[in-house]
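What follows is a set of notes on a single structure, which appears directly below.
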Amino acid sequence: MTETVLSVKNLTVTYRVAGRDVAAVDGVSFEVEPGEILGVVGESGCGKSTLSAALLGLLPRNGAILNGQIGLRGESLVGATAERMRELRGGQIAMVFQDPLTSLNPTFTIGSQLVDALRAHHPGRGSRAEMREKVVAALSSVGIPAPRERVDSYPHELSGGQRQRVMIATALMLEPAALVADEPTSSLDVTLEAQILHLLDRLRREHDTAIVLISHDLGVIAQSCDRVIVMYAGRQVESGDVGELFQRPRHPYTQALLAAAPSLSRRRERLLSIEGRVPSLSALPGGCKFAPRCSYAEDVCHGREPGLLAVGSQLVRCHAYDSNSGYRRQVAQLTSSREEALVRQSDSPAEVSVEDK
Amino acid sequence: MVVYLIRRLLMTMVVIILLASLVASLVHFIPGNPVTIVLGPHANPALVAQAQREMHLNDPILVQIYLFLSNAVRGNLGSDFLNNAPVSQLIMAALPHTVILAVAALLLVILVGVPLSVYGTRRPDSWADRISAAVSISLITLPPYVAGLLLLILFPVTLHILPAIGAGSFSDPVGYLEHLILPAIALAVGWIGYIARLLRASMLEVLNTSYVRTARSWGVKERIIFYKYVLKNAVIPTIAILGVGLGQLIGGAIFVEVIFARPGLGTLVYDAIQQRNYPVVQAGVLVIGVMFVFANLLADLSYRFVDPRVRVELGRLRR
Amino acid sequence: MSVAASSVDREAAVSPGRMQGVLSGLAALVRRPNGAFGVSVAVGMVVLAIFAPQIAPYNPDAQNIPAAFQGPGTTHLLGTDELGRDLLSRLIYGTRIELSVALPAVAIAVLCGLVLGLMAGYFGGLIDSVLVIIMDTVQAFPAVILALALLFLLGPSLGNVRIVIAIAFVPNYARVSRASVYATKQNLYIESERALGASHRRVVLVHLLPNIIAPLLILIAMDTPSAIVTEAGLSFLGLGVQPPTPSWGVLLSDGFTNVYTSPWEIIFASLALMVATLGLTMLGEALRDVLDPRLAGSRGSERS
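What follows is the structure, given as structure tokens:
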């Protein structure tokens, strides 16, 4: 039985804003095995970045983990000392950030920054030449051309894609057990995106790294992940096997997300979108957070927040799947037509051709 | 980059020439005839006319400016009114004391200002930070003359330590240093506060950047992040300000020199103003202005050299 | 055309909404510690300056040689100077002198700078280049040296100090208004294609002024203490306000002459200067925080 690398239970993270505590992540739970890629998907403001910051212990000064557990290879990260967190960061759990253009220090060479990263985990061991060799090897392993010269380059001499590869090279070099990739391809074009995703895949195959891949791009999630969590307003609304989620999305939000994704294979008159906006975290509605925008919402949805229930191989947070909740409509109706939900919302007849897949 | 350098130098030259021209034409704005100031109001009119011709005061203004400039470039800044001594000599005698004072003050600004702000910023919002901030703010309120006067009261007058007058002589380095301490502190104090606050703001900004977050995510020790990454990035914009500061220090030196009776450029100009010794005033203002301009230029260039983004471009051009 | 003009009018009018904005801005200002301190210093100085005759215990010019060089005491709260004049009264009247030099100087600088910058930005071309070169040259001098040279020419007096300080500060305002004009001109070219022609000038003024008010106010708040310090320094050197007019710089100079006899004149004049500088500078910073938080730089954690 492989030991779970990353285990998150009921995690709640709050920010102190204007004297009040606001929850940006509420009750999220998941586990990541070695060599597994877990996707986290959701719109902006759903709490994805807060989640990643909390995992690394890099929350800003007004943020705090209110509740819950984070386990890294059995060690609890919640309540760990700052020094212990520092030791773990990079070597045990690392992160790749969204914007490669600003993620590297412009006044130091690539080489010196990577050596600093190495030194943080292997202090005193190895001369400068040895460290340099390791850095060159790491750079070359991610496909950066002329790595020996590149080591002495400054970040602004590299392209965005190359800089992102440097970030991943650092992760490779440090060999962490877990990696959190926060929108690693959002600022890159499609070809670069493919290369980066390929590198992540190598990481998990060659080093058994457990990866949390955060993205708002469903294509990326579908392509790379084994399992996935859908987040909305800080809550986990659906999670489970990625194939199942894309084939048979249970939660109305997931259905809406999938239906709203533009696709080349379907021809539509209009781009559909989910009506309404993500609620502000300091002014969340009572009951189910998605209810105001949900076309299947009933009274019970506005009144009480649903719990996370097992539905098949997935976990879903929706009253419609809870036989004890008082939700009246038939569940079957929910899963039949994703577009229908959106069309009903937008209230005008659109020419929709449902592709047979 | 090279093009920029050339343009910048040209601009500097233009400014200096304008400066010199303004200074040269100073003469014509003085109420009264400059010659009668020297020779007295009851001087022989023939003598006055002759002096005027010798001093080219009747020539067109552009000619006067040209003469002034060509003389100045050759090191001839005229003779002073009192003793007919060559002004350039007077300036050369006084200049070293002022330059040493300004450099000493600049060193103090760096050696005290940087640790002061680092001490507070390392522990944001702690008592150390608040004290450091309070100290910085109070220091800002001390212009050189107030600081100088208060130091004068405290040390030589009340406590009877450290000299109050003069610069000492170069043959006695310890004595010279003793005479240098209070004036340098007085001159530096205001800027220490200013730089401390500036550096703090700069450091806080850097602490919030993505790349510091990256380093943290790699597990790099906070101490290394602060002293290596943050300091280097925060200092770069501060260098440019320090350069301007050097110029301001040169300007503020006049107060300190007057208070402590130091024989520098400031006292030279000050005394000359009192005595209406206009060639000295002219030359003094010109020299101070030129020093200021070059200090600014130095600051600007050093800023661009320290920033690797620019340095690399320069290197590329050389290949 | 009428639609565009009326929308412009609506922006320009001092509506009740705008007054409310000003009042709430003031409230935000006073809520901050440095704003509260700054406002109280500023108000205090103005009150002292206006009501000096009522507030000051003695006539600032009243000499009383037997009582010279007294330290703080019951008859003279802050002591007396070398001619037996009451220090407290001289300081209070000094507030009047400081403000009467600093405020008009800054006002003149603002007006001239605005006009010059507007002209440079509006006409562009040669006028602009010439102006930039002149401003650069003026700023190429340390303010003190510039002031010295000019006072040497004009002769030392209170009025001349005002002028000299104004000249030193003009480039700041010229720069700000010039930059603002250029920024507005960018936006204007789009509209000018719709033949707004004659309204050019008007729209520049009407769109420009609201944008410029915030940085202008901040500059003014920061320049006023600077002007006071510069004037005091010049008067200390004997090149500005002349004794017996009780500018704080003159008090410092008198104190300096007699420093070995009595330090009190220097001490209290210095304190006055420091408090005024601190208060007004803090007011400037608080204004900057309120009007444009972007300029304030980041802080550790947000606390309000």
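Chains as they are written, first to last, in the working numbering: chain P, 5 to 361; chain L, 14 to 332; chain D, 127 to 430. Every residue, glycine too, gets a C-beta built ideally from N, C-alpha and C. The structure presented is a predicted model; accordingly, all values stated were derived computationally and were not measured.
Exercise. In the structure shown, what three-state DSSP assignment does Gln240 (chain P) receive?
Worked result: Here Gln240 (chain P) sits in strand by DSSP.
Problem set entry | Start-to-end residues for the alpha helix (DSSP H) that takes in Ala246 (chain D) | Here the alpha helix (DSSP H) through Ala246 (chain D) covers Leu213 to Phe249.
Exercise. Would Arg425 (chain D) count as contacting chain L if we go by Cβ distances under 8 Å?
Worked result: With a pLDDT of 35 at Arg425 (chain D), under the threshold of 50, the predicted position of this residue should be treated as unreliable, though the coordinate-derived value follows. Yes, because at least one Cβ of chain L sits closer than 8 Å to the Cβ of Arg425 (chain D).
Problem set entry | Beta-carbon proximity of Val224 (chain P) to Thr189 (chain P), cut-off 8 Å | Against a cut-off of 8 Å, the Cβ pair of Thr189 (chain P) and Val224 (chain P) comes out as a contact.
For this session: Determine whether the Cβ of Arg226 (chain L) lies closer than 8 Å to any Cβ atom of chain P.
Result: Taking Cβ atoms only, chain P reaches closer than 8 Å to Arg226 (chain L), which makes this a yes.
Exercise. Measuring CA to CA, which of D:Thr350, D:Pro351 and D:Ser306 is closest to Asn337 (chain D)?
Worked result: Checked all of D:Thr350, D:Pro351 and D:Ser306; the closest Cα to Asn337 (chain D) is D:Ser306.
Exercise. Quick one: which chain D residues come within Cβ less than 9 Å of Val298 (chain L)?
Worked result: Neighbours of Val298 (chain L) on chain D, chain order: Phe267, Ile271, Leu272, Leu274, Ala275 and Phe278.
For this session: Starting from the beta carbon of Leu108 (chain P), find every residue of chain L whose beta carbon is closer than 7 Å, and list them in chain order.
Result: What Leu108 (chain P) touches in chain L, judged by beta-carbon distance under 7 Å, is Tyr224 and Thr227, going in chain order.
Exercise. Hey, how far is the Cα of Val202 (chain L) from the Cα of Ala84 (chain P)?
Worked result: Val202 (chain L) and Ala84 (chain P) have their alpha carbons spaced roughly 44 Å apart.
Problem set entry | Proximity test, Cβ basis, 8 Å: Met99 (chain P) and chain L | For Met99 (chain P), the answer is yes, since a Cβ of chain L falls inside 8 Å of its Cβ.
Exercise. Curious, which full-length beta strand (DSSP E) runs of at least 3 residues does the segment 292-331 of chain P contain?
Worked result: Entirely contained in the segment 292-331 of chain P, the beta strand (DSSP E) runs reaching 3 residues are, in chain order, 313-315 and 318-320.
For this session: Return the CA-CA distance between Asp156 (chain P) and Gly279 (chain L), expressed in angstroms with no decimal places.
Result: Roughly 48 Å between the two C-alpha positions.
Exercise. At a Cβ threshold of 8 Å, is Met261 (chain D) touching chain L?
Worked result: Met261 (chain D) does not count as touching chain L.
Exercise. How long is the line joining the alpha carbons of Ala22 (chain P) and Gly130 (chain P), rounded to whole angstroms?
Worked result: In this model, Ala22 (chain P) and Gly130 (chain P) are separated by some 49 Å (Cα to Cα).
Exercise. Where does Ser340 (chain P) land, buried or exposed, given buried means 16+ other C-beta within 10 angstroms?
Worked result: With a pLDDT of only 48 at Ser340 (chain P), under the threshold of 50, the placement of this residue in the model should not be trusted, and no figure is reported.
Problem set entry | Inter-residue CB distance, Pro64 (chain P) and Ile114 (chain P) (contact presumed, cutoff 8 Å) | Actually they are not in contact, since the Cβ atoms of Pro64 (chain P) and Ile114 (chain P) sit about 27 Å apart, beyond 8 Å.
Problem set entry | Helix, strand or coil at Ile174 (chain L) [DSSP, three-state] | Coil, per DSSP.
For this session: For the beta strand (DSSP E) containing Glu35 (chain P), list its first residue and its last residue.
Result: Counting along the chain, the beta strand (DSSP E) containing Glu35 (chain P) begins and ends at Arg24 to Val36.
Problem set entry | Length of the line joining the Cα atoms of Trp204 (chain L) and Val294 (chain L) | Distance from the CA atom of Trp204 (chain L) to the CA atom of Val294 (chain L), rounded to whole angstroms, is 27 Å.
Problem set entry | Bridge partner(s) assigned by DSSP for Asp245 (chain P) | Paired residue(s): P:Arg231.
Exercise. Going along chain L, which residues have a C-beta under 7 Å from Ser396 (chain D)?
Worked result: The answer, in chain order, is Val159, Leu162 and Leu163.
Exercise. According to DSSP, is Asn290 (chain L) helix, strand or coil?
Worked result: It is coil, neither helix nor strand.
For this session: Compare the beta carbon distance of Ser379 (chain D) and Leu163 (chain L) with 8 Å and say whether it is the shorter of the two.
Result: In this structure, Ser379 (chain D) sits away from Leu163 (chain L), with a CB-CB distance that is not shorter than 8 Å.
Exercise. Looking only at DSSP bridge pairs, what is Ser80 (chain P) linked to?
Worked result: In the DSSP output, where bridge partners are listed per residue, Ser80 (chain P) has P:Gly75.
Exercise. If we count the other Cβ atoms within 10 Å of its Cβ and call it buried at 16 or more, is Gly311 (chain P) buried or exposed?
Worked result: Gly311 (chain P) is exposed by the Cβ-count criterion.
Exercise. How about Gln168 (chain P) and Leu192 (chain P): do their beta carbons lie closer than 8 Å?
Worked result: The answer is yes: Cβ separation under 8 Å.
For this session: Verify whether the separation of the beta carbon atoms of Leu262 (chain L) and Leu200 (chain L) is less than 8 Å.
Result: Between Leu262 (chain L) and Leu200 (chain L), the CB-CB gap stays under 8 Å.
Problem set entry | chain D contacts made by the segment 252-286 of chain L, where a contact means CB separation under 8 Å | If the cut-off is 8 Å between Cβ atoms, the segment 252-286 of chain L has Gly260, Gln261, Ile263, Gly264, Gly265, Ile267, Phe268, Val271, Ile272, Val282, Tyr283 and Ile286 near chain D.
Problem set entry | Cutoff 6 Å; reference Ile191 (chain D); Cβ partners in own chain excluding five residues on either side | Only Gly210 meet the Cβ criterion.
Problem set entry | Beta carbon proximity, Thr154 (chain L) to chain D, threshold 8 Å | So, interface residue.
For this session: Spell out whether any CB of chain P is found under 8 Å from the CB atom of Tyr242 (chain L).
Result: Answer yes: the Cβ-Cβ gap between Tyr242 (chain L) and chain P drops below 8 Å somewhere.
Exercise. By a C-beta neighbour count over all protein chains shown, 10 Å radius and 16 as the cutoff for buried, is Phe249 (chain D) buried or exposed?
Worked result: Under this definition Phe249 (chain D) is an exposed residue.
For this session: Identify which residue in L:Pro250, L:Val233 and L:Ala147 has its Cα closest to the Cα of Ala98 (chain P).
Result: The candidate whose alpha carbon is nearest that of Ala98 (chain P) is L:Val233.
Exercise. Taking the alpha-carbon positions, what's the Leu259 (chain L) to Ala312 (chain L) distance?
Worked result: In this model, Leu259 (chain L) and Ala312 (chain L) are separated by some 9 Å (Cα to Cα).
For this session: Over the uninterrupted beta strand (DSSP E) stretch that includes Tyr19 (chain P), give me the two end residues.
Result: Segment Leu10 to Val21, the beta strand (DSSP E) holding Tyr19 (chain P).
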